[in-house]
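Trainee: Structure incoming, see below.
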Amino acid sequence: MFPDRLARAQQAIAAHLAARLAGLPDQPVVHAMRYAVAGGKRLRGFLVLETAALHDLPVEATIDAAAAVECLHAYSLVHDDLPAMDDDALRRGQPTVHVKWDEATAILAGDALQTLAFELLAAPALGPAERRVALVASLARASGAEGMVLGQALDIAAETAPRPLTLEEITALQAGKTGALIRWSAEAGAVLAGADPAPLRAYATALGLAFQIADDILDVTGDADKAGKALRKDAVAGKATFVSLLGLEGARARAEALVAEAQEALAPYGGRADVLRDCARFVLARES
């Protein structure tokens with residue numbers, strides 16, 4: 060069931076983004092935007108649509124929010140790949156945006172995707188104005204200096220720190236860098252429905268940390284061709300990861316425990332949340 064639901068979400072988000080970007084000027088920056096949002100798992104957008112479905116909201120009433128978080132995530136990847144950041148040449152098996160075009164185009168494309176995310180959240184189809192404002196405000200917090208950007212800044216600082224990060228420090232770092240957007244995505248369905256987001260917040264907090272631990276495991280054991288990006292860079296840089304701190308088996312055990320925690324958090328929804336439970340299991344089984 061989960062693979063089919065994920066595939067449908069991917070198709071719906073891709074079609075919506077294509078339609079939204081179709082009317083923009085025929086310029087390199089727009090081509091770079093389309094390139095940046097193409098492909099990927101679209102897990103964050105899926106979480107928006109699936110948690111909204113838990114509250115009986117149809118896709119057409121929530122697709123703008125799903126597309127918004129995918130634009131925000133794509134912008135973060137474009138900027139994260141830049142020479143001044145991670146300096147990566149490959150993303151999703153393709154040349155990164157600054158490699159395919161140039162650094163200036165990549166920066167501008169990322170900027171434009173970030174602003175498009177908030178434009179999408181203003182769409183009337185998402186419902187009452189107060190709920191749209193709540194989504195805008197919460198995404199700003201999740202993606203800014205309290206969330207994703209903070210995590211990225213801490214990650215960069217760790218590269219020149221006098222000692223490796225502790226387990227507590229790396230957990231806090233990843234709660235921002237990876238976890239904040241995942242939490243926002245899982246809570247969005249409840250916010251759109253005017254429902255209590257607490258169970259989904261608990262689910263997503265555990266899911267986001269499991270996702271990052273799985274990434275660290277993939278960086279050690281994965282296949283670069285399947286992952287679509289360079290691997291083992293953290294080990295070469297001497298950066299602390301969940302694997303370096305817990306060991307491979309310890310990291311796997313911690314991720315398994317987090318998946319169980321995420322699944323348990325969905326108890327209030329009963330069997331209706333089985334797809335989200337399968338999503339938590341997918342986080343560990345993925346190869347990219």
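All you need for my numbering is the position in the sequence shown, starting with 1, plus 59. We treat Cβ as the ideally placed atom computed from N, Cα and C, and that holds for glycine.
Are the stretch 229-238 and the stretch 263-280 in contact at 8 Å, needing three or more beta carbon pairs?
Mentor: Yes: at least three Cβ pairs fall under 8 Å.
Trainee: I'd like to know whether the C-beta atoms of L226 and F105 end up nearer to each other than 9 Å.
Mentor: Residue numbering aside, residue 226 sits at position 167 when the sequence shown is read from its first letter. Residue numbering aside, residue 105 sits at position 46 when the sequence shown is read from its first letter. Cβ distance not < 9 Å, so L226 and F105 don't count as in contact.
Trainee: Within the same chain, show all residues whose beta-carbon is closer than 8 Å to that of L185, passing over the 5 residues directly before and after it, in chain order.
Mentor: Here residue 185 is taken as the residue at index 126 of the sequence shown, counted from 1. Answer for L185: A120, T121, D123, A124, R191, L194 and L251, listed in chain order.
Trainee: Do the stretch 256-267 and the stretch 309-324 make contact, defined as three or more Cβ pairs closer than 8 Å?
Mentor: Contact holds: three or more Cβ-Cβ distances are below 8 Å.
Trainee: Could you check the C-alpha separation between D145 and A182 for me, to the nearest Å?
Mentor: Working through the sequence shown from its first residue, we reach residue 145 at position 86. Working through the sequence shown from its first residue, we reach residue 182 at position 123. Near 34 Å, if we compare the C-alpha coordinates of A182 and D145.
Trainee: Looking only at its chain, what residues have a beta carbon closer than 6 Å to the beta carbon of L65, apart from the 5 residues adjacent to it on each side?
Mentor: As a working mapping, residue 65 is identified with position 6 in the sequence shown. Only F105 meet the Cβ criterion.
Trainee: Does the structure place the stretch 242-257 close enough to the stretch 105-117 that three or more beta carbon pairs sit under 8 Å?
Mentor: Cβ pair count under 8 Å is three or more, so yes.
Trainee: When the Cα of L131 is compared with those of A199, E189, A312 and A204, which residue comes out closest?
Mentor: Position 72 of the sequence shown, counted from the start, is the residue given in the question as residue 131. The option with the nearest alpha carbon to L131 is A199.
Trainee: Pairs of beta-carbons, one from the stretch 195-215 and one from the stretch 153-160, closer than 8 Å: are there three or more?
Mentor: No contact exists between the stretch 195-215 and the stretch 153-160.
Trainee: Let me confirm a value: M92 is counted as buried when at least 16 other C-beta atoms fall within 10 Å, else exposed. Which label applies?
Mentor: Counting from one through the sequence shown, the residue named residue 92 turns up at place 33. Buried, because 16 or more other Cβ atoms sit within 10 Å of the Cβ of M92.
Trainee: Only counting the same chain, and skipping five residues up and downstream in sequence, which positions put a Cβ closer than 6 Å to that of Q70?
Mentor: Residue numbering aside, residue 70 sits at position 11 when the sequence shown is read from its first letter. Cβ within range, chain order: n/a, list empty.
Trainee: With respect to the alpha helix (DSSP H) encompassing T174, which residues constitute its N-terminal and C-terminal limits?
Mentor: On the sequence shown, position 115 is the one that residue 174 refers to. Looking at the DSSP string, the run of the alpha helix (DSSP H) that includes T174 is E162 to L180.
Trainee: Out of P154, D85, L175 and G98, which has the shortest C-alpha to C-alpha gap to A127?
Mentor: Taking the first residue of the sequence shown as 1, we reach residue 127 at position 68. Per the Cα distances, L175.
Trainee: Grab me the residues of A310's own chain with a C-beta within less than 7 Å of its C-beta, minus the 5 sequence neighbours each way, in chain order.
Mentor: As a working mapping, residue 310 is identified with position 251 in the sequence shown. These residues qualify, in order along the chain: I272, D275, I276, F301 and V302.
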